[in-house]
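Letter by letter, the sequence shown follows residues 7 to 233 in this note's numbering. Here is the structure we will look at, set down as structure tokens.
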Amino acid sequence: MKILIVEDEQKTGDYLKQGLSEAGFVTELASNGVDGLHLALTGDFDLLVLDVMLPGLNGWQVMERLRQSEKSLPVLFLTARDQVEDRVKGLELGADDYLVKPFAFSELLARVRTLLRRGKNGLEPSILQAANLELDLLRRRVVRAGNRIELTAKEFALLELLLRRQGEVLPRSMIASQVWDMNFDSDTNVIEVAIRRLRAKVDDPYEPKLIRTARGMGYVLEVPEGP
Ligand code: CA
7 MKILIVEDEQ KTGDYLKQGL SEAGFVTELA SNGVDGLHLA LTGDFDLLVL DVMLPGLNGW
67 QVMERLRQSE KSLPVLFLTA RDQVEDRVKG LELGADDYLV KPFAFSELLA RVRTLLRRGK
127 NGLEPSILQA ANLELDLLRR RVVRAGNRIE LTAKEFALLE LLLRRQGEVL PRSMIASQVW
187 DMNFDSDTNV IEVAIRRLRA KVDDPYEPKL IRTARGMGYV LEVPEGP
């Protein structure tokens with residue numbers, strides 16, 4: 007994975023370059039907006055870490071020109087100003103995320119990893135699908151056989167997890183920690199209830215049945231084989 011850093015403050019630039027390199031990324035550093043834009047347009051990068059206050063072109067101008075080009079490159083922008091308008095402006099221009107300086111490197115790394123997972127050119131699709139069931143991650147919408155289905159936030163998270171790990175039996179403990187962000191006592195039936203409600207909405211009225219109980223183990227979402 008290759009990351010382009012555009013940052014004019016040498017100390018910050020070197021620090022970012024070194025940190026990201028140590029984290030296993032290939033990095034390149036540009037110290038002004040013109041060079042940064044040129045590299046972004048001509049190089050093969052997976053992510054752009056872009057400072058806003060830059061000589062030459064500022065970060066917003068770089069982003070604007072980048073978005074006008076054919077390049078689809080996720081952008082994490084760095085702003086020194088904790089101004090809501092700045093963030094809104096950046097996000098409106100198409101930045102994928104932002105960090106306010108000063109930030110902890112661990113925070114930057116977490117954001118970088120998330121953006122890379124999301125991928126450029128939709129490497130990770132924004133729509134998860136199994137048979138005639140579709141979950142749109144960006145629009146937070148679920149459609150089955152052409153019918154829009156309303157889910158609660160937890161049901162949505164549960165379905166997202168099942169779809170992401172299609173074909174894998176997910177233990178209840180894993181579902182509890184991923185969807186509810188906590189551990190449940192083994193005798194609680196919260197997950198069973200949530201699965202039942204989810205099935206009633208997305209599976210019971212439709213064919214084929216996708217959510218299966220793996221008795222004593224957990225749940226799996228998969229498209230059944232054969233006719
Ligand atoms: Ca700067």
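Beta carbons are placed, not taken as given, at the ideal position from N, Cα and C, and that holds for glycine.
| Asked | Found |
| --- | --- |
| Grab the span of the beta strand (DSSP E) containing Thr33 for me, first residue to last. | Val32 to Ala36 |
| Taking Leu6 and Asn38 to be in contact with their CB atoms under 8 Å, please state how far apart those CB atoms are, rounded to whole angstroms. | Lying before the first or after the last residue shown, residue 6 is absent from the chain, which here runs from 7 to 233. |
| Please state whether DSSP places Gly222 in a helix, a strand or coil. | coil |
| Is Thr85 buried or exposed, if buried means 16 or more other CB atoms sit within 10 Å of its CB? | buried |
| From the DSSP output, read off the bridge partner residues of Thr85. | Val106 |
| Just how far apart, CA to CA, sit Asp210 and Asp52? | 41 Å |
| Is it true that the CB of Gly62 sits closer than 8 Å to the CB of Val40? | yes |
| I'd like the span of the beta strand (DSSP E) that includes Arg146, first residue to last. | It is not in any beta strand (DSSP E) - Arg146 carries neither H nor E in the DSSP assignment. |
| Tell me which residues pass a beta-carbon proximity test against ligand 1: closer than 6 Å to any heavy atom, given in chain order. | Asp14, Glu15, Asp57, Met59 and Leu60 |
| Going by DSSP, what residues sit across from Ile133 in a beta bridge? | Asp142 |
| Within 10 Å of its beta-carbon, does Met69 have 16 or more other beta-carbons around it, so buried, or fewer, so exposed? | buried |
| Going straight from the alpha carbon of Val58 to that of Trp66, what length do you get? | 6 Å |
| Pop quiz: Leu216 and Glu198 are said to be a contact at Cβ under 8 Å. What is the actual Cβ separation, rounded to whole angstroms? | Actually they are not in contact, since the Cβ atoms of Leu216 and Glu198 sit about 17 Å apart, beyond 8 Å. |
| Leaving aside the five residues before and after Leu54 along the sequence, list all residues of the same chain whose C-beta is less than 6 Å from its C-beta, in chain order. | Leu10, Ala46, Leu79 and Val81 |
| What three-state label does DSSP hand Asp41 in the structure shown? | helix |
| Report buried or exposed for Arg123, applying the criterion of at least 16 other Cβ atoms within 10 angstroms of its Cβ. | exposed |
| To the nearest angstrom, how far is the alpha carbon of Ala137 from that of Glu166? | 15 Å |
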